[in-house]
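Protein chains in written order, with my numbering: chain A, 2 to 524; chain B, 2 to 524.
We put the beta carbon where it would ideally sit given N, CA and C, even for glycine.
Read the structure below first, then the notes.
Rendered as structure tokens:
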């Protein structure tokens with residue numbers, strides 16, 4: 002299937018739009034059985050009204066709807082009650098009451114997750130964290146007798162403490178005022194909340210440079226299923242005193258506790274940001290370019306994103322965006338978006354210049370462009386960022402977020418091409434964070450076809466599993482991937498996960514049907 | 002107490018040496034009560050002889066001695082049996098047998114710990130990990146059909162997988178051959194083993210730049226108390242599938258399981274390393290220099306170490322080392338050792354040049370020297386590294402490894418000076434990883450005096466606790482700090498730690514009397 006043919010097919014259907022109809026109820030589509038939880042009674046609602054006041058208790062069916070459907074519209078729950086606590090104590094009281102009354106709950110952050118983890122499956126009570134959105138001054142935590150921190154002191158400390166409901170972008174803007182930034186950045190930054198990022202161990206665009214949240218979260222506060230508040234709100238870079246409990250809550254998707262506060266280390270804002278777009282003619286050369294970038298750009302390399310021709314074509318065609326690379330009229334088989342962030346404009350440009358020179362001399366790249374002009378930088382990033390949105394216009398899209406050792410990174414696309422020789426397929430495309438070994442695979446067809454689904458799944462997960470890859474690199478397990486968990490984790494791990502869950506939440510009230518399913522719950 | 006007086010006092014006793022006599026038995030000195038464990042019988046020894054062969058079972062009292070005494074000679078156990086497994090299966094069989102027979106064990110790595118965590122307290126069986134020292138080729142783990150990795154492929158992948166008993170320095174040397182390095186570096190690198198580093202979440206000299214082991218360990222394999230092998234040997238940078246269990250084993254000091262294998266991400270080896278030694282006249286200026294370094298050196302800053310006058314004087318006087326700063330004959334009140342690691346010699350020198358220029362212009366530093374000459378770099382690092390060794394020659398030294406928010410960093414020294422106006426005190430000195438908020442406090446006296454001990458403890462821990470600091474920044478809790486755990490961790494955390502311990506090791510056989518003490522053990 003040549004790119005040219007795909008492009009034609011694509012143009013044919015490009016007028017299609019996703020319908021705005023609601024997804025089917027999760028319980029119907031996926032045939033899930035409701036767990037042994039109590040039903041919400043008027044007495045329960047009265048308790049919550051008393052605790053939070055009526056304007057923070059939503060019991061109206063229409064108002065609840067937005068909390069029942071996820072961003073990607075793949076799942077739909079049937080909750081009839083949404084609670085909006087403002088304090089850790091309220092979260093604690095809610096959970097204690099729910100645990101004693103065997104009421105299941107679904108913690109909800111920005112609801113931007115892609116695996117159905119953030120909405121209920123049945124009638125779980127939604128606990129929305131949006132109202133816990135205060136930034137906490139560091140001096141409230143420590144009797145340093147320093148008063149409110151000056152910008153210089155804040156910068157030197159490099160630690161932000163805040164409630165779980167703060168919007169990621171707001172935090173980044175706040176930090177910008179003192180010359181710092183968040184160590185994490187996501188497409189969803191305008192709506193995702195930091196508590197959700199932490200609970201899902203969100204990855205994103207800065208991971209290559211700054212590492213993941215297990216390394217950057219210094220401390221957190223969380224509430225266990227029984228209402229116990231676990232205060233691990235450490236703000237120190239080093240604290241080797243006993244077990245490092247915070248990691249239980251990072252990436253467990255709200256099934257072990259609800260994160261209420263977070264302390265995070267924040268790197269200095271770079272003074273120079275440069276972006277290059279490279280055109281290459283094979284995946285082997287993409288790998289060569291990556292090695293060269295690791296050697297030549299080393300400490301200033303902040304992104305290394307790969308797109309195959311069929312991915313970037315989506316941005317060119319659907320959105321009519323222009324390619325900044327013009328040497329070949331028919332484009333390139335592979336593209337690399339490479340970003341550097343550093344503290345010295347001239348040095349970074351010199352390093353990039355030398356990188357490009359070597360890459361050309363060694364015949365690694367066919368063409369390339371380099372810019373620090375903010376408009377051009379934005380344009381190049383948009384070529385990468387709009388792929389995910391654009392492909393949805395083609396019809397139904399099977400999307401996979403997988404990790405594989407980078408030496409086999411692109412093989413997964415070749416395998417799917419090999420297997421899926423079906424005229425209904427519009428486009429098979431692969432792009433992603435090559436530097437992290439994380440590829441996003443997209444297979445688009447005009448509308449959902451069960452037989453194509455069964456050609457793809459579980460095949461793709463089995464293939465990934467054979468390479469010891471991950472069936473969910475950054476999106477998590479949520480609801481939709483529970484049956485594939487065993488393909489990326491060993492049976493010894495899954496057994497221990499169940500033991501941990503049982504210890505932390507013996508009644509299984511926290512985000513049921515997610516991550517570990519089915520659960521053993523004491524009757 | 003002026004530095005000058007201290008210096009004179011110091012010269013008076015500089016002929017003293019630590020005696021080579023063995024420390025008292027831990028159980029006597031600290032009045033610990035033996036737990037409800039079985040005693041080792043001949044049948045037990047026969048089982049181990051059968052399993053490992055006689056040359057990997059040490060039952061000779063004299064040979065056992067080295068395994069009973071720690072590096073700092075502060076504790077001494079009474080074990081009569083040392084086992085040296087070579088495989089995970091052997092570790093598993095040993096633990097299963099010990100768990101079923103209620104035999105307590107003490108996992109031992111390089112035995113370079115400083116809090117008595119790596120030697121037995123009573124007759125715990127020592128499980129020495131020294132023989133599990135193989136580097137595992139990445140292609141043994143994944144069916145990538147790539148054969149043995151070339152250096153280029155190894156470099157691109159940037160992941161090392163090895164057994165727990167590998168010596169840190171050997172791993173660093175191995176990685177050096179392909180242009181990579183370990184993300185961790187310690188004074189003890191020539192003898193510490195990677196499994197022990199992981200089990201204690203060791204910090205060290207590269208943490209400021211590369212982050213801690215929670216961020217760098219990609220996966221591990223560990224054996225639970227009951228012999229179950231938990232295979233979390235993930236080698237991917239991103240894998241959001243279920244609970245991130247590896248963190249249970251990182252930093253829990255062998256009380257939740259024995260780490261047998263590790264996969265770790267490894268950064269590129271820097272091409273340029275520069276070191277500066279700065280002289281400053283107040284701690285406030287040290288902080289200013291740190292802020293300036295964060296802004297100007299940003300991504301190339303790899304160490305920011307502070308020494309007060311009385312710390313560096315140890316290196317000058319005890320070892321007769323020369324100061325490279327000569328503008329003031331009586332030296333400086335504070336010194337900063339600053340290191341940069343980058344990929345371009347010229348760029349790094351320019352950045353450092355600009356940093357020094359600004360620091361001089363703003364009157365932040367009194368004097369400074371800058372070098373990339375390996376001999377000079379080594380000399381400057383030695384001034385910092387020999388402090389810890391040199392001070393031991395003064396007699397008895399109270400050493401504390403604490404974290405506090407860096408704005409209050411040096412206050413702890415001032416507080417001790419205030420409190421401890423005692424003519425027997427030779428020297429109160431502070432130095433450490435300022436960039437990480439980690440200070441090493443040393444109080445030296447000619448020989449141990451209980452009344453001075455009681456003036457220092459628990460005062461210093463209470464002071465640190467009030468500032469929400471850590472009573473053990475990087476050394477861990479081990480045996481000697483168990484009674485201070487509550488000063489850096491909340492009661493909710495300690496309760497949960499006990500629950501985790503009970504789940505993982507219900508009989509409490511793994512490294513008893515350490516981290517959590519006393520433990521509730523089912524009788």
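Worksheet item: Just by C-beta distance, which residues in the stretch 288–307 of chain B are closer than 8 Å to chain A?
Response: Within the stretch 288–307 of chain B, the qualifying residues are 288, 291, 292, 295, 296, 297, 298, 299, 300 and 301.
Fill in: Distance, residue 417(B) Cα to residue 508(A) Cα
The C-alpha of residue 508(A) lies about 50 Å from the C-alpha of residue 417(B).
Select from the stretch 507–524 of chain A all residues with a C-beta closer than 9 Å to any C-beta belonging to chain B, and list them in chain order.
-> Residues of the stretch 507–524 of chain A with a C-beta atom less than 9 Å from some C-beta of chain B are 516 and 517, listed in chain order.
task: Check each candidate in 431(B), 344(B) and 284(B) and name the one with the smallest Cα separation from residue 180(B).
output: Out of 431(B), 344(B) and 284(B), 344(B) has the C-alpha closest to the C-alpha of residue 180(B).
* For residue 352(A) and residue 142(B), the rounded distance between their alpha carbons -> Residue placement at residue 142(B) is flagged as unreliable, the pLDDT there being 46, under the threshold of 50; the coordinate-derived value follows with that caveat. In this structure, the straight-line span from the alpha carbon of residue 142(B) to that of residue 352(A) is close to 35 Å.
**Study point:** Short-range partners of chain A found in the stretch 211–229 of chain B, where Cβ spacing is below 7 Å
**Key:** Under the 7 Å Cβ criterion, the stretch 211–229 of chain B contributes 212, 213, 215, 216 and 229.
| Where does residue 261(A) sit, in a helix, a strand or coil, going by DSSP? | Of the three classes helix, strand and coil, the one that applies to residue 261(A) here is strand, per DSSP.
message = Would residue 424(A) pass as an interface residue toward chain B - the criterion being a Cβ-Cβ separation below 8 Å?
response = Answer no: the Cβ-Cβ gap between residue 424(A) and chain B never drops below 8 Å.
Assign residue 343(A) to one of three DSSP states: helix, strand, or coil.
Annotated three-state conformation of residue 343(A) is strand, per DSSP.
Using the Cβ count rule (16 or more neighbours within 10 Å means buried), how would you classify residue 410(A)?
Counting Cβ neighbours within 10 Å, residue 410(A) comes out buried, since at least 16 surround it.
Query raised in the report: Would the stretch 178–194 of chain B and the stretch 425–434 of chain B be scored as touching if the rule is three or more Cβ pairs under 8 Å?
Result: They do not touch, by the three-pair rule.
For a contact meaning CB atoms closer than 9 Å, what does residue 134(B) contact in chain A?
Close to residue 134(B), with beta-carbon spacing below 9 Å, lies no residue of chain A; the smallest spacing is near 23 Å.
Cβ atoms of residue 332(A) and residue 342(A): under 8 Å apart, would you say? Not in contact: residue 342(A) and residue 332(A) (Cβ atoms no closer than 8 Å).
Handout entry: C-beta contact flag for residue 166(B) and residue 131(B) at 8 Å
Key = Cβ distance < 8 Å, so residue 166(B) and residue 131(B) count as in contact.
Please confirm whether any heavy atom of the ligand GTP lies closer than 7 Å to the CB of residue 79(A). Here there are no bound small molecules, and the ligand GTP is not part of this structure.
- Partner residues on chain A for residue 154(B), Cβ-Cβ distance less than 8 Å: Residues of chain A passing the Cβ test: 408.
**Prompt:** Taking the Cβ atom as the reference point for each residue, do residue 84(B) and residue 49(B) lie within a distance shorter than 8 Å?
**Reply:** Yes.
Checklist entry - Which word fits residue 1(A), buried or exposed, when buried means at least 16 other C-beta atoms lie within 10 angstroms of its C-beta? => result Since the first residue of chain A shown is 2 and the last is 524, residue 1(A) is not available in this structure.
Please list the residues of the stretch 232–245 of chain B that have a C-beta atom closer than 9 Å to any C-beta atom in chain A, keeping them in chain order.
-> Against chain A - using a Cβ distance shorter than 9 Å - the residues of the stretch 232–245 of chain B are 232, 233, 234, 235, 236, 237, 238, 239, 240, 241, 242, 243, 244 and 245.
Original post:
So which residues on chain B does residue 400(A) lean against when the C-beta distance must stay under 9 Å?
Top reply: Chain B residues near residue 400(A): none, gap ~15 Å exceeds 9 Å.
Worksheet item: Where DSSP assigns a beta bridge to residue 337(B), which residues make up the other side?
Response: As computed with DSSP, residue 337(B) is found in a beta bridge with 279(B) and 307(B).
*If you follow the alpha helix (DSSP H) that residue 244(B) is part of, which residue opens it and which one closes it?*
From DSSP, residue 244(B) is part of no alpha helix (DSSP H); its letter is neither H nor E.
Margin query: DSSP three-state label for residue 269(A), please.
Written below: It is a strand residue.
- Message: Against chain B, with Cβ distances strictly below 8 Å, would residue 441(A) count as a contact?
- Response: Not one chain B Cβ lies under 8 Å of residue 441(A).
Worksheet item: What are the residues that DSSP puts in a beta bridge with residue 439(A)?
Response: In the DSSP secondary-structure assignment, residue 439(A) is bridged to 404(A) and 434(A).
C-alpha distance - residue 161(A) paired with residue 367(A), whole-angstrom precision:
In a straight line, the C-alpha of residue 161(A) is about 44 Å away from that of residue 367(A).
Residues in the same chain with beta-carbon distance under 7 Å from residue 36(B), minus the five sequence neighbours each way, listed in chain order, please.
Once the five neighbours on either side are set aside, the close Cβ partners of residue 36(B) are 105, 509, 513 and 522.
Is the distance from the Cβ of residue 241(B) to the Cβ of residue 202(A) below 8 Å? Yes, they are a contact pair.
Quick one: which chain B residues come within Cβ less than 9 Å of residue 344(A)? Under the 9 Å cutoff, chain B gives 296, 297, 298, 299, 300, 301 and 352.
Coil, strand or helix - residue 472(A) by DSSP: Of the three classes helix, strand and coil, the one that applies to residue 472(A) here is coil, per DSSP.
Worksheet item: What are the boundary residues of the alpha helix (DSSP H) that includes residue 99(A)?
Response: From DSSP, the alpha helix (DSSP H) with residue 99(A) extends over 89–101.
Checklist line | DSSP bridge partner residues for residue 109(B) (one or two, in chain order) | finding: 129(B).
| request: Kindly say whether residue 497(B), judged by its beta-carbon, lies nearer than 8 Å to any beta-carbon of chain A. | output: Put simply, the CB of residue 497(B) is near chain A, with a gap under 8 Å to one of its CB atoms.
When DSSP labels each residue in this structure, what does residue 165(B) get in the three-state scheme?
-> In the structure shown, residue 165(B) sits in coil (DSSP, three-state: anything other than H, G, I, E or B).
Worksheet item: Can you round the beta-carbon distance between residue 501(B) and residue 244(A) to whole angstroms, since I take them to be within the 8 Å contact cut?
Response: Your pair residue 501(B) and residue 244(A) checks out as a contact, with CB atoms roughly 6 Å apart and the cut at 8 Å.
By Cβ distance below 6 Å, which residues in the same chain neighbour residue 488(A) in space, the five residues on each side in sequence not counted?
Sequence-distant Cβ neighbours of residue 488(A) in its own chain, meaning closer than 6 Å and more than five residues away, are 462, 466 and 472.
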